[in-house]
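Undergrad: Just so you know, we're using the UniProt record's numbering here: the sequence shown kicks off at 1 and counts up by one.
Every residue, glycine too, gets a C-beta built ideally from N, C-alpha and C.
All values reported here derive from a predicted model rather than from experimental measurement.
My questions all concern the structure below.
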Amino acid sequence: MQTMENVQDNQGQIEALAFKLGSEEYGINILKVQEIRGYDAVTKIANAPEFIKGVVNLRGVIVPIVDMRIKFNLGTPTYDQFTVVIILNIGERVVGMVVDSVSDVITLPAEQIKPAPEMGTALNTDYLIGLGTIDQRMVILVDIDRLMSSTEMGLIEQLAA
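This is how it looks when you write it as structure tokens:
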């Protein structure tokens, strides 16, 4: 599991892009984000897992698009003007991640981050960094490198630990 030290800056805090999936708010390391785009039509790939919506051509780069709502079993996704694709740089690959909406960029000091509880959640806790609290919000911090390079995703070669 990724340690807090791997994602914290030199002040011991995490800068995260906060986004919504259903009623929950998640956060990923802002340094992994290349850009944020509206949802466009994708080219479907035969025999791809259901959560891989297809691919898009992004300035000459073929980018797989993962729908996180399907991946995390959060009900049937709808695609509207608020649906967003977060373009990520992970390892040597570019991957798109469909989310309901993007909230903002948050800075979480180490004392505002609690370890993830060990229990059944929509997300395997191997991919959780912890839970961040800021004012009345609780943000589920996701280790996006580990999630996208996991064997069931099959998108990115296993990253060196």
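Enumerate, from N- to C-terminal direction, the unbroken beta strand (DSSP E) stretches of 3 or more residues contained entirely within the UniProt domain "CheW-like" (13-153).
TA: Qualifying beta strand (DSSP E) stretches, in chain order: 13-21, 24-29, 33-38, 52-58, 61-67, 84-90, 93-99, 101-109, 128-134, 137-142.
Undergrad: Here's a check: name, in chain order, each residue in its chain whose Cβ is nearer than 7 Å to the Cβ of V99, leaving out the five neighbours to either side.
TA: Correct list, in chain order: F19, K20, L21, M68, V84, I86.
Undergrad: Taking C-alpha atoms, which residue in I90, I106, E15 lies nearest to D135?
TA: Ranking the options by Cα distance to D135, first place goes to I106.
Undergrad: Do you know offhand how far E5's Cα is from L88's?
TA: Caution applies to E5, whose pLDDT of 46 falls short of 50 and renders its modelled position unreliable; the value that the coordinates give is listed next. Each residue's Cα considered, the two are about 21 Å apart.
Undergrad: Excluding five sequence neighbours on each side, which residues of the same chain lie with their C-beta closer than 6 Å to the C-beta of T133?
TA: Around T133: Q112.
Undergrad: Is it buried or exposed for V56, if we count other Cβ within 10 angstroms and need 16 for buried?
TA: Answer is buried; the Cβ neighbour count reaches 16.
Undergrad: Under the assumption that M138 contacts V95 (Cβ atoms under 8 Å), give the Cβ distance between them as a whole number of angstroms.
TA: Not really, about 26 Å apart at Cβ, beyond 8 Å.
Undergrad: On the criterion of 16 or more Cβ atoms from any shown chain inside 10 Å, does I65 qualify as buried, or is it exposed?
TA: Per the 10 Å Cβ criterion, buried.
Undergrad: Counting C-beta neighbours from all protein chains within 10 Å, is the total for A16 16 or more, i.e. buried, or is it exposed?
TA: A16 should be labelled buried.
Undergrad: Please name the residue in L58, I30, R37, G91 whose C-alpha comes closest to that of T43.
TA: T43 has its Cα closest to that of L58, out of L58, I30, R37, G91.
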